[in-house]
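J.: Could you have a look at this structure, given as structure tokens, before my questions?
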Amino acid sequence: MKFHALTLFPEMIEQGLKPGIIGRAVEKGLISLNTVNIREYTRDRHGKVDDYPYGGGAGMLMQAQPVYDAWRAAVGDRKPRTIYLTPQGRPFSQSMARELAKEEELVLLCGHYEGIDQRVLEEIVTDYVSAGDYVLTGGELPAMVMIDAIARLVPGVLGNEDSAEEESFHNDLLEYPQYTRPEVWHGKRVPEVLLSGNHGKVSEWRLEQSKERTAGFRPDLYEKYREKQRLILRLSKDKRNNIHIMESLARGKGEILYHQGGDLLVQDRASSVCMLTAEKAESAGRLAEMLPEGTRWVIVSQDFVRELFADKGCGLFGSCSQYLYTNKVFLPVRYKEIRRLTEEDTPYVTAHYAHDTEEYVRERVRAGVMYGAFSGERQIGFIGIHTEGSMGLLYVEEEFRRRGVAEALEAFCANRLLEKGFTPYGHIMEGNTPSEHLQEKLGFYRASRCVYWMSIT
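Written as structure tokens, this is what we have:
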């Protein structure tokens with residue numbers, strides 16, 4: 101991901117972000133940071149970039165020309181998303197950070213003085229964003245905050261697949277309290293449950309602590325969490341057919357865009373995939389009109405909804421059977437040479453899996469959710485978790501098939517989800533009989549309705 105910061109003080113941003121995780125991510129090439137000194141693009145021989153505002157008033161305004169030329173030098177003929185840091189903008193939030201982390205390139209414009217000439221803002225800015233309801237001397241500090249919050253969501257930056265997930269605001273809950281050595285400090289003991297070694301009890305305690313903290317400090321977030329829990333409970337009455345929606349909500353990735361009665365539209369934040377159910381064709385049509393701009397995929401499991409989207413010119417990418425594992429018991433993994441893949445393993449995956457782009461595979465590897473089977477030093481297969489949460493990307497080399505490798509890979513992947521309290525599920529393309537038999541052998545249940553992946557053109 102590329103960040104461009106247009107500023108009068110490039111050294112402030114560079115020195116502020118160079119130490120620590122963000123600096124290491126730049127060194128590894130996971131992100132790039134280009135600071136552009138606006139003053140270098142003024143045509144004034146004295147390096148002046150500001151002037152008095154027309155109509156009078158206190159202070160000075162940054163001129164349009166140096167800002168525009170600095171922007172054009174950074175982006176060339178491209179038109180990336182350009183953010184102006186201003187108290188008048190939309191408040192920055194974790195959900196906005198997730199949204200912006202999907203961009204390949206971002207420009208952050210740091211204002212100074214009393215602002216920037218409105219004409220250049222209209223020319224180049226796509227988003228007005230605020231760091232809070234207060235006024236600062238410049239946009240550099242908000243820019244650094246945004247870069248840090250966005251960059252840490254880029255796969256590979258944190259180096260730990262769990263770090264970006266189990267954080268403040270995960271699943272609309274604040275983070276639980278944490279403790280380290282010594283066990284007793286100033287007469288205060290670490291809670292006994294954290295010393296028990298019982299991971300199930302620890303998870304339960306942490307969830308209760310998160311709920312208690314959120315209810316006390318952020319009742320607005322807590323009500324959002326409760327709304328999702330109520331919806332998950334309602335969907336659980338038909339769990340096998342609704343598991344894809346339930347898991348998106350339960351994993352903290354799904355946002356409820358509309359819900360009334362049996363009409364539901366949920367967007368999975370990580371993938372921008374939309375999932376919907378409707379009571380009748382008329383309401384399905386209304387939901388279709390609510391799809392966010394840029395939506396590429398919609399998952400539906402009702403025939404009349406599929407037909408409605410087809411009538412609107414949307415293509416049917418795949419008709420799938422939905423399988424889910426509802427047992428909480430870990431599956432046996434009988435083939436032991438399985439490990440999480442690294443970027444060095446990406447070429448093997450892309451060479452043997454043609455259904456997705458190399459960019460998508462690399463993102464899944466960086467996210468830490470691709471696992472490979474090996475025979476000594478030789479890789480012989482892999483499996484992964486798709487962005488929207490389903491298990492997939494399964495492949496085993498021909499000479500190693502019928503030896504239990506695929507079964508072990510799927511069991512290994514399912515166990516990783518069970519460790520986090522998730523329900524493993526997958527979508528099997530219609531006609532893939534060997535994969536269907538594999539699901540049944542592992543104890544996965546098949547939903548009664550097909551799942552349709554619709555491509556939005």
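Position 17 of the sequence shown, counted from 1, bears residue number 117 in our numbering, the numbering being contiguous throughout.
Beta carbons are placed, not taken as given, at the ideal position from N, Cα and C, and that holds for glycine.
None of these values were measured; they are calculated from a predicted model.
#1: Work out the CA separation of T395 and S535 for me, nearest whole Å.
#2: Report the rounded CA-to-CA distance for D363 versus R330, giving the unit in angstroms.
#3: Find out if the Cβ-Cβ distance for the pair I480, Y471 is shorter than 8 Å.
#4: Would you kindly work out how many angstroms separate the C-alpha atoms of Q115 and F109, rounded to a whole number?
#5: Who are the near neighbours of M101 in its chain, counting only those whose CB is closer than 6 Å to its CB and skipping five residues on each side?
#6: Can you give me the start and stop residues for the alpha helix (DSSP H) that E499 sits inside?
#7: Using a Cβ-Cβ cutoff of less than 6 Å, which residues in the same chain neighbour T314 once the five nearest sequence positions on both sides are dropped?
#8: Check each candidate in A249, C550, P282, E499 and name the one with the smallest Cα separation from G418.
#9: To which residues does DSSP link H359 through a beta bridge?
#10: Put E140 into one of helix, strand or coil per three-state DSSP.
#11: Is there contact here, the stretch 455-466 with the stretch 423-439, by at least three beta-carbon pairs under 8 Å?
#12: With DSSP as the reference, please indicate the residues paired to G560 in a beta bridge.
#13: Run the CB neighbour count on S296, radius 10 Å, all protein chains shown included, and call it buried at 16 or more, exposed below.
#14: Enumerate, from N- to C-terminal direction, the unbroken beta strand (DSSP E) stretches of 3 or more residues contained entirely within the stretch 103-160.
#15: With three or more C-beta pairs closer than 8 Å as the rule, is the stretch 121-136 touching the stretch 180-192?
#16: Using the C-alpha atoms, what's the distance from R434 back to A508?
#17: Just how far apart, CA to CA, sit D177 and S383?
#18: For T107, which option in P119, G157, Y184 has the closest C-alpha, if you only look at C-alpha atoms?
#19: Tell me whether T182 sits in a helix, a strand or coil according to DSSP, three-state version.
#20: Roughly how many angstroms separate the alpha carbons of F500 and K353, rounded to a whole number?
#21: On the criterion of 16 or more Cβ atoms from any shown chain inside 10 Å, does L258 qualify as buried, or is it exposed?
#22: Kindly indicate the opening and closing residues of the beta strand (DSSP E) around C414.
#23: For V429, which of helix, strand or coil comes out of DSSP?
#24: For R143 and H212, what's the separation of their Cα atoms in angstroms?
#25: Do E214 and M160 count as a contact pair if the criterion is CB distance below 8 Å?
#26: Grab the span of the alpha helix (DSSP H) containing M196 for me, first residue to last.
#27: Would L209 and T182 qualify as a contact pair, given that the criterion is a beta-carbon distance under 8 Å?
#28: Taking the alpha-carbon positions, what's the F404 to K380 distance?
#29: Hey, quick one: how far does the beta strand (DSSP E) through L376 stretch, first residue to last?
#30: Whole angstroms is fine: what's the gap from S303's alpha carbon to P277's?
#31: What residue from M554, T446, Y154 has the CA that sits closest to Q402's CA?
#32: Is the distance from the Cβ of P180 to the Cβ of E140 below 8 Å?
#33: Do you know whose CA, among R289, P242, G147, lies nearest D233's CA?
#34: Looking at C-alpha atoms only, which residue of A506, F522, C414, P282 is the closest neighbour of K541?
#35: Using a Cβ-Cβ cutoff of less than 8 Å, which residues in the same chain neighbour N134 once the five nearest sequence positions on both sides are dropped?
#36: State buried or exposed for Y525, treating a residue as buried only when at least 16 other CB atoms are found within 10 Å of its CB.
T.: Reading from the atomic positions:
#1: Position 435 of the sequence shown holds residue 535. Position 295 of the sequence shown holds residue 395. When rounded, the distance between both Cα atoms is 29 Å.
#2: Against the sequence shown, residue 363 aligns to sequence position 263. Against the sequence shown, residue 330 aligns to sequence position 230. The straight-line gap from Cα to Cα measures roughly 15 Å.
#3: Your numbering for residue 480 matches position 380 in the sequence shown. Your numbering for residue 471 matches position 371 in the sequence shown. Not a contact, by the Cβ cut-off of 8 Å.
#4: Taking the sequence shown and counting its residues from 1, the one referred to as residue 115 is at position 15. Taking the sequence shown and counting its residues from 1, the one referred to as residue 109 is at position 9. C-alpha of Q115 to C-alpha of F109: approximately 10 Å in a straight line.
#5: The count along the sequence shown starts at 1 and reaches residue 101 at position 1. So the qualifying residues of the chain are I131, V254.
#6: Here residue 499 refers to the residue found at position 399 when the sequence shown is read from its first residue. E499 -> no alpha helix (DSSP H), and no H or E assigned at all.
#7: As a first step, residue 314 is located in the sequence shown; it is residue number 214 there, counting from the start. Taken in chain order, the residues that qualify are L273, L274, L321, Y322.
#8: As a first step, residue 418 must be located in the sequence shown, where it is residue number 318. Selected option, being the one with the closest Cα: C550.
#9: As a position in the sequence shown, residue 359 is number 259, starting the count at 1. Within the DSSP secondary-structure output, H359 pairs in a beta bridge with L364.
#10: Numbered from its first residue, the sequence shown carries residue 140 at position 40. Of the three classes helix, strand and coil, the one that applies to E140 here is helix, per DSSP.
#11: The stretch 455-466 makes no contact with the stretch 423-439: fewer than 3 CB pairs, one atom from each, lie closer than 8 Å.
#12: What the structure shows of the chain is the stretch from 101 to 557, and residue 560 is not part of that stretch, so it cannot be assessed.
#13: Sequence index remark: in the sequence shown, residue 296 carries index 196 (1-based). By the neighbour-count rule (16 or more Cβ atoms within 10 Å), S296 is not buried but exposed.
#14: The stretch 103-160 contains these whole beta strand (DSSP E) runs: 132-137.
#15: By the Cβ test, the stretch 180-192 is not in contact with the stretch 121-136, since fewer than three Cβ pairs between them sit closer than 8 Å.
#16: To locate residue 508, count along the sequence shown from 1; it is residue 408. To locate residue 434, count along the sequence shown from 1; it is residue 334. Approximately 6 Å between the Cα atoms of the pair.
#17: Position 77 of the sequence shown holds residue 177. Position 283 of the sequence shown holds residue 383. Cα to Cα, D177 sits roughly 42 Å from S383.
#18: What you label residue 107 is simply residue 7 of the sequence shown in a count that begins at 1. The closest CA to that of T107, considering only P119, G157, Y184, is found on Y184.
#19: Against the sequence shown, residue 182 aligns to sequence position 82. Strand at T182.
#20: Position 400 of the sequence shown, counted from the first residue, corresponds to residue 500. Position 253 of the sequence shown, counted from the first residue, corresponds to residue 353. Rounded to the nearest angstrom, the two C-alpha atoms are 36 Å apart.
#21: One-based indexing of the sequence shown puts residue 258 at position 158. By the beta-carbon neighbour count (other beta carbons within 10 angstroms, threshold 16), L258 is buried.
#22: Residue numbering aside, residue 414 sits at position 314 when the sequence shown is read from its first letter. Premise fails: C414 is in no beta strand (DSSP E) and is neither H nor E.
#23: Stepping through the sequence shown from its first residue, residue 429 is reached at position 329. Coil.
#24: Position 43 of the sequence shown holds residue 143. Position 112 of the sequence shown holds residue 212. Looking at the two C-alpha atoms, the distance is approximately 18 Å.
#25: Stepping through the sequence shown from its first residue, residue 160 is reached at position 60. Stepping through the sequence shown from its first residue, residue 214 is reached at position 114. Judged by beta-carbon spacing, E214 lies within the 8 Å limit of M160, meaning their Cβ atoms are closer than that value.
#26: Within the sequence shown, residue 196 is the residue found at index 96, counting from 1. Secondary structure note for M196: its alpha helix (DSSP H) is the uninterrupted segment 194-200.
#27: Position 109 of the sequence shown holds residue 209. Position 82 of the sequence shown holds residue 182. At a Cβ-Cβ threshold of 8 Å, L209 and T182 count as neighbours.
#28: In the sequence shown, the residue the question calls residue 404 occupies position 304. In the sequence shown, the residue the question calls residue 380 occupies position 280. Each residue's Cα considered, the two are about 8 Å apart.
#29: As a first step, residue 376 is located in the sequence shown; it is residue number 276 there, counting from the start. Unbroken beta strand (DSSP E) run through L376: 374-377.
#30: Counting from one through the sequence shown, the residue named residue 303 turns up at place 203. Counting from one through the sequence shown, the residue named residue 277 turns up at place 177. C-alpha separation (whole angstroms): 12 Å.
#31: Looking up residue 402 in the sequence shown gives position 302. The candidate whose alpha carbon is nearest that of Q402 is M554.
#32: Along the sequence shown, read from residue 1 onward, the residue named residue 180 stands at position 80. Along the sequence shown, read from residue 1 onward, the residue named residue 140 stands at position 40. Between P180 and E140, the CB-CB gap reaches or exceeds 8 Å.
#33: Your numbering for residue 233 matches position 133 in the sequence shown. Of R289, P242, G147, the smallest CA-CA separation from D233 is found for P242.
#34: Here the question's residue 541 lines up with position 441 in the sequence shown. Answer by Cα proximity: A506.
#35: Position 34 of the sequence shown, counted from the first residue, corresponds to residue 134. Short of 8 Å from the beta carbon of N134, and not among the five residues preceding or following it, lie these beta carbons of its own chain, in chain order: K102, F103, H104, A105, A174.
#36: Position 425 of the sequence shown, counting from 1, holds the residue named residue 525. With 16 or more other CB atoms across the displayed protein chains lying within 10 angstroms of its CB, Y525 is buried.
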